Amino acid sequence: MFEIKLYNPSLENEWNRFVANGKNATFLFDRRYMDYHHDRFTDSSLMFYRKGTLFALLPANRVDDVLYSHQGLTYGGLLMNKKASAENIVELYKELNDWLSAQGIVKVVYKAMPWIYHRLPAQEDLYALTEVCHAELTTREISSTIILNNRIKFAESRKSGLRKALRSNLRFAKSDDLESFWNMLNNNLMTRHGVHPVHSLAELQLLKSRFPDKITLYLIYNIKGRPIAGTLIFDTGQVIHTQYIASTDEGKAEGALDLLFDKLINNNVYPSALYFDFGKSTENGGHYLNNNLIFQKEGFGGRGVCYDTYTWKV
Numbered sequence: 000m001f002e003i004k005l006y007n008p009s010l011e012n013e014w015n016r017f018v019a020n021g022k023n024a025t026f027l028f029d030r031r032y033m034d035y036h037h038d039r040f041t042d043s044s045l046m047f048y049r050k051g052t053l054f055a056l057l058p059a060n061r062v063d064d065v066l067y068s069h070q071g072l073t074y075g076g077l078l079m080n081k082k083a084s085a086e087n088i089v090e091l092y093k094e095l096n097d098w099l100s101a102q103g104i105v106k107v108v109y110k111a112m113p114w115i116y117h118r119l120p121a122q123e124d125l126y127a128l129t130e131v132c133h134a135e136l137t138t139r140e141i142s143s144t145i146i147l148n149n150r151i152k153f154a155e156s157r158k159s160g161l162r163k164a165l166r167s168n169l170r171f172a173k174s175d176d177l178e179s180f181w182n183m184l185n186n187n188l189m190t191r192h193g194v195h196p197v198h199s200l201a202e203l204q205l206l207k208s209r210f211p212d213k214i215t216l217y218l219i220y221n222i223k224g225r226p227i228a229g230t231l232i233f234d235t236g237q238v239i240h241t242q243y244i245a246s247t248d249e250g251k252a253e254g255a256l257d258l259l260f261d262k263l264i265n266n267n268v269y270p271s272a273l274y275f276d277f278g279k280s281t282e283n284g285g286h287y288l289n290n291n292l293i294f295q296k297e298g299f300g301g302r303g304v305c306y307d308t309y310t311w312k313v
């Protein structure tokens, strides 16, 4: 039997301690990260207790009678402790559905966590979704990931760009200049898609101040010392994730991104990491594959990891 509680701010420390030790949690589920945009969502995160001990978390928000794996996060799903077994999780989902029904929830939209983020194997939830919830796979998107101890060599197009960057004496460096990077990123997105970055500059500055050892900016500078490309890295320990990538027209012409990722992937910047994840190259719920974008990521050696969303009726 499980006791199910709705999260409230008085439980923040207990929540965060669990996130720090769960078998499939990352710092994105720390409330100091999740709550930066608390005004945009009606938080309905759940905490599951077994024999008086916190056993699992479900980061979530509610819209009318639908419960979502938190819409403010790239991935989600059930966060479990290291002792969670398949039998436990099957029982948890049975009780969850009864509890949700009593709360007036009629549908759940569930973003599963990609396996590369698991500290230990943690797909008991996927089994329960099928066996208990009869959930349907409703969205599949694809990311490009490198296994760092089994890297594929850069494609010739990426090597050519790297040679050009080296001839131009471009310089790679860690930086705190989020404003220059955000402006570069915003200009890219507005020019191509007419949209702003998901995070405002102020939000990125806030998050970086809260997680200075996990959020890092790297820039490429031209010979005059002006930034012309960069990436904002989210370091979850075993996964190095490029949250944002941006380049100026000059950076594109000079192979700046090729130098940037050569440094990050091939020069042991993150020696304890297992995976380097470039993020998704799909749009419109996975129905549109951005071939130019994924071609570039695959040129660095990235290969496919799926980000899946399931839906079920309660």
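If you read the sequence shown in numbering that gives the first Met the number 0, its first letter stands for residue 0, the second for the next number, and so on. Glycine included, C-beta positions come from ideal geometry on N, C-alpha and C. Computed from a predicted model, the values in this text were never measured in an experiment.
In the same chain as MET112, and ignoring 5 residues on each side of it, the C-beta atoms closer than 7 Å to its own belong to ASN23, TYR74, GLY75, GLY76, in chain order. ASP257 sits away from SER143, with the two beta carbons spaced by 9 Å or more. Around the Cβ of ALA85, a 10 Å sphere holds fewer than 16 other Cβ atoms; the residue is exposed. With respect to the C-alpha of MET33, the residue from PHE54, THR52, ASN7 having the closest C-alpha is ASN7.
Taking a 10 Å sphere around the C-beta of ILE227, we find 16 or more other C-beta atoms and assign the residue as buried. Distances from the alpha-carbon of GLU140 to those of GLU249, ARG302, LEU147 put ARG302 closest.
In the DSSP assignment, THR241 falls within the beta strand (DSSP E) that extends over 238 to 246. CA-to-CA, the gap between THR281 and THR230 works out to about 19 Å. Less than 9 Å separates the beta-carbon of SER43 from that of LEU66.
Pairing ASP64 with VAL89 gives a Cβ-Cβ distance that is not under 9 Å. In this chain, VAL313 is not harboured by any beta strand (DSSP E), its DSSP state being neither H nor E.
For PHE54, there is no enclosing alpha helix (DSSP H); the enclosing beta strand (DSSP E) covers residues 52 to 57. Residue environment: LEU5 is assigned as exposed (fewer than 16 neighbouring CB atoms within 10 Å of its CB, all protein chains considered). With fewer than 16 neighbouring CB atoms inside 10 Å of its own CB, ASP97 falls in the exposed class.
The segment 6 to 93 contains, as complete alpha helix (DSSP H) runs of 4+ residues, the segments 11 to 20, 30 to 33 (chain order). ASP175 carries a coil assignment under DSSP once its states are collapsed to helix, strand and coil. Rounded to whole angstroms, the gap between the alpha carbons of THR25 and ARG118 is 9 Å. Taken in chain order, the complete alpha helix (DSSP H) segments of 4 residues or longer contained in the segment 151 to 228 are 155 to 166, 177 to 192, 200 to 209. Look at TYR126 here: in three-state DSSP terms it is helix. Exclusion of the five residues before and after THR310 leaves LYS106, VAL107, VAL108, TYR109, ALA134, GLU135, THR137 as the residues of its chain whose Cβ lies within less than 8 Å of its Cβ.
In this structure, the alpha-carbon of PHE47 lies about 26 Å from that of GLN237.
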